[in-house]
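Visitor: Those protein sequence lines, which keep their order, are chains A and B.
For the first sequence, the numbering used here begins at 1 and goes up steadily by one.
For the second sequence, the numbering used here begins at 227 and goes up steadily by one.
Sending over a structure as structure tokens; questions will come in a sec.
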Amino acid sequence: YVMLLTLSPYTPTYRDRVSPPGVMIRPYLNGFTIAFNVSQPSTWQPYVDSMHHFLTAYDDKVQEEKNIECVSGQYFIQGGNESEEKKACQFKRSLLQNCSGIEDPSFGYSTGQPCILLKMNRIIGYRPGAGVPVSVDCKVQKGNESDLRSVDFYPGNGTFDLMYYPYYGKMTHVNYTSPLVAMHFTDVKKNYLVHIQCSLNGKGIINNINSDRFLGRIIFTLSIGK
Amino acid sequence: DDHKLSTSELEEKYGTSINKGLSSARAAEILARDGPNSLTPPKATPEIVKFLKQMVGGFSILLWIGAVFSWISFGIQFAQGAESPFDNLYLGVVLALVVILTGIFAYYQEAKSTNIMASFSKMIPQQALVIRDAEKKELPADQLVVGDIVEIKGGDRIPADIRLIFTQGCKVDNSSLTGESEPQSRSCDFTHDNPLETRNIAFYSTTCVEGTATGIVINTGDRTIIGRIASLASGVGNEKTPIAIEIEHFVYLVAGVAVSIGVLFFIISVSMRYKILDSIIFLIGIIVANVPEGLLATVTVSLSLTAKRMAKKNCLVKNLEAVETLGSTSIICSDKTGTLTQNRMTVAHLWFDNQIYSADTSEDQTTQPFDQSSPSWTALSKIVTLCNRAEFRPGQENLPIMKRVVVGDASETALLKFAEVILGDVMNIRARNKKVAEIPFNSTNKFQLSIHETDDPNDKRFLLVMKGAPERILERCSTIMINGKEEPLDNEKAEAFQTAYMELGGMGERVLGFCHLYLPENEFPDTYPFDTDSMNFPTSNLCFVGLLSMIDPPRSTVPDAVSKCRSAGIKVIMVTGDHPITAKAIAKSVGIISATSETVEDIAKRLNIPVEQVNRREATAAVVNGMELKDMSLQQLDDILCNHSEIVFARTSPQQKLIIVEGCQRQGAVVAVTGDGVNDSPALKKADIGIAMGIAGSDAAKNAADMVLLDDNFASIVTGVEEGRLIFDNLKKTIAYTLTKNIAELCPFLIYIIASIPMPIGTITILFIDLGTDIIPSVALAYEKAESDIMNRRPRNKRKDRLVNEQLAVYSYLQIGIMQSVGAFVTYFTVYAEQGFLPSTLLGVRVDWENNAINDFEDSYGQEWTKYQRMYLQWTGYTAFFVSITIQQVADLIIRKTRRNSIFQQGLFRNKVVWVGIFSQIGIALILTYGLGHVTALNFTPLRFQYWFVAVPFAILIWVYDEVRKLFIRRYPGSWWDKNMYY
């Protein structure tokens, strides 16, 4: 227990097991199958609720209040004492455009063009992409390539801006909000189980380990009914 | 009835001919009908049954249950389509493998020790000289059939029950059958109605001592007298060995703890709303953690190591568990002849010139120390040398005299060797004093006589020498030689002779008298025709020269061994077929009856009162005659066994031996019995440990015994006792060592269930400790030297001194075990904390932690982890837990070297094998973590180097704690501390 006193409260001694980052999606309802019928709102409403709930912290107002605007395209490095409180960059919900839920509160679920948010796991001090923003792409994991005809990525072309990194830890980086990439599946084969793999691409990202299917990539299933 | 029939009737009955024997064809026919001439070995348990027994014995049942549960839960999970159900399948397979492998191992060990025995009994195939098809043939003895004519000569073992039809000076040693050690003469005459008593039958497995004989085989194999007795012996049930009882007790104890904790936590986890399936998996984990899988194998190895060590010291152990039984022995019933004694007659005392001289009787005598200057001795030595028919077998000139093989009876052999030691080259002396006539010893004359030319060329007289029963010799003498001069034999001198004779006889020795006469040259010229039938020479008015007495002397190592037994609290009882006086004399000389103690008869003699008036309680020693024993009630026997500490049973039959053994066992003693004859086998079986003689023992005795004494030496038994006691102590240490870490393996499961932390150690990892790192160290403890003189304490009490007692369990489980768990948990928490999960975060996270869908699990610092990253961390936790248990087991191993003494008194480096154990332990751990760290199925990960040292302070704490415990035990013997902390 003396051992515990030697630990830093800000940064864990080792971070070798948590990096490179894993990937998660929202909506998240106990599994990685997103299945709904457009015509039956009750089948997609839980997903929409989950998205709204998740994005509350990204409301433009909240972000403006708590966080600062940062310079895009470079790491937001905050020196100074380790124990100093760190500033967090704004990530406004509106950046997600069609997937922000502002214009379309159903995130496209009502039209059969669902939005799915992709989030990279937080790792203290990690600088993804080594200077080049990490980008996201999606493809059909198994099955016909043509099942997935088009995906739109927001913000930008589906990149995580460098300014959101590095993360300084829960103690000091209190208001930090993970940057997101929204994937708008505008044209997916209907009435069919489509297995999709979305991966991160960038320097230092590993996305092809068999044993960990959430490391640098995520696999989920879309099943959109009429 | 064959002994009553005449030769021709026999020929008719068996369809054979004395001169031609059977035809080969006829013999083959009978062989097919009767089967081979060998004893059917006791029915062996079929190999497959033995194997299956190993598979379900001990903890195997628990592990099978574990395996079956794993498969059931695998089946359920698989049916439900869960993501990783194969873990449970693997676990089940591993558990089953563990059971099967340990089963095979135990089976192999047992088979190996059985094989040693089997090879031992098959050493020499016996041959027999048979007349068939009118030709003499050498045949293997098991090919003999009824009606065969066999020839036997001195030294042969009788190959079947034989009706003798022709004999020449034939004597047989029936001791293996009746226990009588005196050779009995055999002739063709029907002398007794009882086939056992009649002289014209020689029995299977007895030996022909001298002479030759021819006979018809009348019984073969199991139909022989011996065969019938041997089948009786298998009727006496085998007693369970003390160590088997102890291990059973231990298995019940540990299995009881495992099952009750398992079920308790099963109930707890069900009531805590865990799924039934999960609860079953916990149950398996708890059982696996609690059961010391490797321990039984370790015990087997330890016992066989000791067995090997004992074999080196001439104790061949047939049944591994007998190793320890020997250590708990409290009474040894020992034979006299061959075991306590050297089994050869040796000249012990001489009487000439009115004085008794003692001779050296040790095994490797090369000179004789007594005064040899008297001319009487010269005369005596001449008689000893010349009046003797025994001869050395040729071609043994390089062997020590005592080891040479002699043709002749026991007394003559003794005299020959005695003379050879003092005078050298007896054969040459005999050649120079050519024998001209001889009358061999017979029971009517009771003397032996020969007439020789002298080696002095100027002395043309013949020398007549005679030896025999002293009183008969004296009768024939008119003079006696004193200091080389012949003096008339008056009353006074005759009195002196009587005193000496009584004194030597009273020492249980066989006394022979010697006399000589120089025949006057004028009456007996060179050419005088000596005729031994008409005795045309004087056989009275001879000159008495001296007495020689012989005894089968005790082995030189025996008195020491007996006193060792005494200080070890083991009662040594002599059971012999010999005469009480001889038995008592030997018992006194080896210390079975100590110098100061008296028998009832001694007291009576000293106080000069009749035997009946002596207070029996005053006598510590007792010499019981077989005849008295026959009339005794069980109470009386118990009374003798209880009240006398030094007991000799003389003139006992092997059947009475069984009664004595049972009497001892009624006193609650663990009884070791030595025996060599076939008739001993019931007693050997009945005894807690039967010890057969390797040299003199019959096959039946060896079969019935648990142990074979290769050198027939009593002292070897005592070495065996020492080893047996040592292994009991060391097994205690091994078990204490092994049980300790079970707590450190069990706690993770309990805390996992109660506090819902991520799993600290995996079931497979536990198996790697139990069957990997811990095996060699626990075997190493079997090599530990004794802490104090273990031969100075009483034998352990079967009922009170358990192998696993409360103190051992409490100390191992609740003290050292808990310390170890704490040490391991500290390492575990350190690993997690340094990776970002502080202990406070870990509490209660189990459900989310194990959820496959949560791949952004947040740690104490806000970092997010995928499931696999968490799993990897969990495995690192397993590895860290494993490593710290290993490190602390090193300390545990060191403290277990002693139970009372400080490690520094015992010597930290004296037992090299313990260090081999420590290095192997660490080596295996290194290989597992770094070598196999990338094989995910084993759940090991390469561990940061510093985590190896987190548990070191705890290891040191364990050591210091135990040193303090031992210090208090030594300081305050008998105190509360001593009673509760000494295991």
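Cβ coordinates follow ideal geometry from the N, Cα and C atoms, glycine included.
These figures come from a predicted structure and were not determined experimentally.
For Gln353/B, which residues does DSSP report across the bridge?
Guide: According to DSSP, which records beta bridges pairwise, Gln353/B is partnered with Pro366/B.
Visitor: Measuring CB to CB, does Ser178/A end up less than 9 Å from Arg122/A?
Guide: A contact, by the Cβ cut-off of 9 Å.
Visitor: In the DSSP assignment, find the beta strand (DSSP E) that holds Gln674/B and state where it starts and stops.
Guide: Phe673 to Glu679 is the span of the beta strand (DSSP E), which, as asked, contains Gln674/B.
Visitor: Starting from His418/B, trace the beta strand (DSSP E) in both directions and tell me its first and last residue.
Guide: That residue, His418/B, is in no beta strand (DSSP E); it is neither H nor E in DSSP.
Visitor: Please name the residue or residues paired with Leu768/B in a DSSP beta bridge.
Guide: In DSSP, Leu768/B forms a bridge with Cys703/B.
Visitor: Tell me whether Tyr28/A sits in a helix, a strand or coil according to DSSP, three-state version.
Guide: Three-state result, Tyr28/A: coil.
Visitor: Could you name the residues of chain B that Pro12/A contacts, counting a contact when the two beta carbons are closer than 7 Å?
Guide: Ordered by position in chain B, the residues that pass the 7 Å Cβ test against Pro12/A are Glu1060, Gln1061, Gly1062 and Tyr1087.
Visitor: Going by beta-carbon coordinates alone, are Thr221/A and His195/A separated by less than 9 Å?
Guide: Yes, the pair counts as a contact, with Cβ atoms nearer than the cut-off.
Visitor: Going along the chain, which residues of its own chain have a beta-carbon closer than 7 Å to the beta-carbon of Pro779/B, five neighbours each way excluded?
Guide: Around Pro779/B: Thr567, Gln568, Thr572, Ala574 and Thr587.
Visitor: Using the beta-carbon of each residue, which ones in chain A are nearer than 7 Å to Lys1093/B?
Guide: Within 7 Å Cβ-Cβ: Phe214.
Visitor: Taking only beta-carbon positions, decide if Ala1079/B is within less than 9 Å of chain A.
Guide: Answer yes: the Cβ-Cβ gap between Ala1079/B and chain A drops below 9 Å somewhere.
Visitor: With Thr555/B and Pro908/B assumed to form a contact (beta carbons below 8 Å), what rounded beta-carbon distance in angstroms separates them?
Guide: Between Pro908/B and Thr555/B the Cβ distance is about 19 Å, and since that is not below 8 Å, they are no contact.
Visitor: Could you pull the DSSP bridge partners for Phe691/B from this structure?
Guide: The question names Phe, yet the displayed sequence has Val at residue 691/B. Answer by DSSP bridge pairing, in chain order: Ser676/B and His742/B.
Visitor: Mind pulling the alpha helix (DSSP H) runs of 4 or more residues that sit fully within the segment 524-558 of chain B?
Guide: You should have 548-554.
Visitor: Could you tell me whether any Cβ in chain B is nearer than 9 Å to the Cβ of Leu7/A?
Guide: Yes, Leu7/A counts as interfacial toward chain B.
Visitor: By how many angstroms is the C-alpha of Gly318/B removed from the C-alpha of His301/B?
Guide: First, the residue type needs correcting, since residue 301/B is Gly and not His in the sequence shown. About 11 Å.
Visitor: List the residues of chain A whose Cβ lies closer than 9 Å to the Cβ of Glu1090/B, in chain order.
Guide: Ordered by position in chain A, the residues that pass the 9 Å Cβ test against Glu1090/B are Val18, Pro21, Gly22, Met24, Lys119, Met120, Asn121, Arg122, Ile123 and Ser178.
Visitor: In chain order, what residues of the segment 191-213 of chain A put their CB closer than 9 Å to some CB of chain B?
Guide: Here the close residues are Ile209, Ser211, Asp212 and Arg213.
Visitor: Check whether chain B comes within 9 Å of Lys170/A, counting only Cβ atoms and requiring the distance to be less than that.
Guide: It does; some Cβ of chain B falls within 9 Å.
Visitor: Taking Arg615/B as the reference, give the member of Val652/B, Gln581/B, Phe875/B and Pro595/B with the closest Cα.
Guide: The option with the nearest alpha carbon to Arg615/B is Val652/B.
Visitor: Identify whether Ile209/A lies in helix, strand or coil by the three-state DSSP scheme.
Guide: DSSP places Ile209/A in coil when its eight states are reduced to three.
Visitor: Is it true that the CB of Phe740/B sits closer than 9 Å to the CB of Met776/B?
Guide: No.
Visitor: I need the boundaries of the beta strand (DSSP E) containing Phe578/B, first residue and last residue.
Guide: Phe578/B -> beta strand (DSSP E) spans Thr572 to Phe578.
Visitor: Please work out which residues of its chain come closer than 7 Å, Cβ to Cβ, to Trp290/B, disregarding the five sequence neighbours upstream and downstream, and give them in chain order.
Guide: Excluding sequence neighbours, Trp290/B sits near Val325.
Visitor: Where in the segment 429-499 of chain B do unbroken runs of the alpha helix (DSSP H), each at least 4 residues long, occur, reported from the N-terminal end onward?
Guide: Runs found: 451-459 and 468-497.
Visitor: Helix, strand or coil for Ser203/A, going by three-state DSSP, please let me know.
Guide: Note on residue identity: the sequence assigns Lys, not Ser, to residue 203/A. Note: Lys203/A maps to coil in three-state DSSP.
Visitor: Is Glu84/A buried or exposed, if buried means 16 or more other CB atoms sit within 10 Å of its CB?
Guide: Exposed.
Visitor: Please name the residue, chosen from Phe673/B, Ala645/B, Ala1050/B and Asp635/B, that lies closest to Trp1174/B on a Cα-to-Cα basis.
Guide: Ranking Phe673/B, Ala645/B, Ala1050/B and Asp635/B by Cα distance to Trp1174/B puts Ala1050/B first.
Visitor: Could you list the residues in the segment 1094-1122 of chain B with a C-beta less than 8 Å from some C-beta on chain A, going in chain order?
Guide: Of all residues in the segment 1094-1122 of chain B, Tyr1094, Gln1095, Tyr1098, Leu1099 and Thr1102 have a Cβ within less than 8 Å of some Cβ in chain A.
Visitor: So with Cβ pairs under 9 Å, would you call Arg1025/B a contact of chain A?
Guide: Not an interface residue.
Visitor: Determine the extent of the beta strand (DSSP E) in which His229/B is found, giving its start and end residues.
Guide: Looking at the DSSP string, His229/B is not in any beta strand (DSSP E), and its letter there is neither H nor E.
Visitor: In the DSSP assignment, what residue or residues form a beta bridge with Leu180/A?
Guide: According to DSSP, which records beta bridges pairwise, Leu180/A is partnered with Lys119/A.
Visitor: Is it buried or exposed, Ile493/B, if we count other Cβ atoms within 10 angstroms and call 16 or more buried?
Guide: Exposed.
Visitor: So with Cβ pairs under 9 Å, would you call Asp504/B a contact of chain A?
Guide: Output row for Asp504/B: interface = no.
Visitor: Is there a Cβ of chain B sitting closer than 9 Å to that of Tyr28/A, yes or no?
Guide: True, the Cβ-Cβ gap to chain B drops below 9 Å.
Visitor: Among the residues of its own chain, which have a CB less than 6 Å from the CB of Glu519/B, if the five just before and after it don't count?
Guide: Answer for Glu519/B: Val324, Asp996 and Leu997, listed in chain order.
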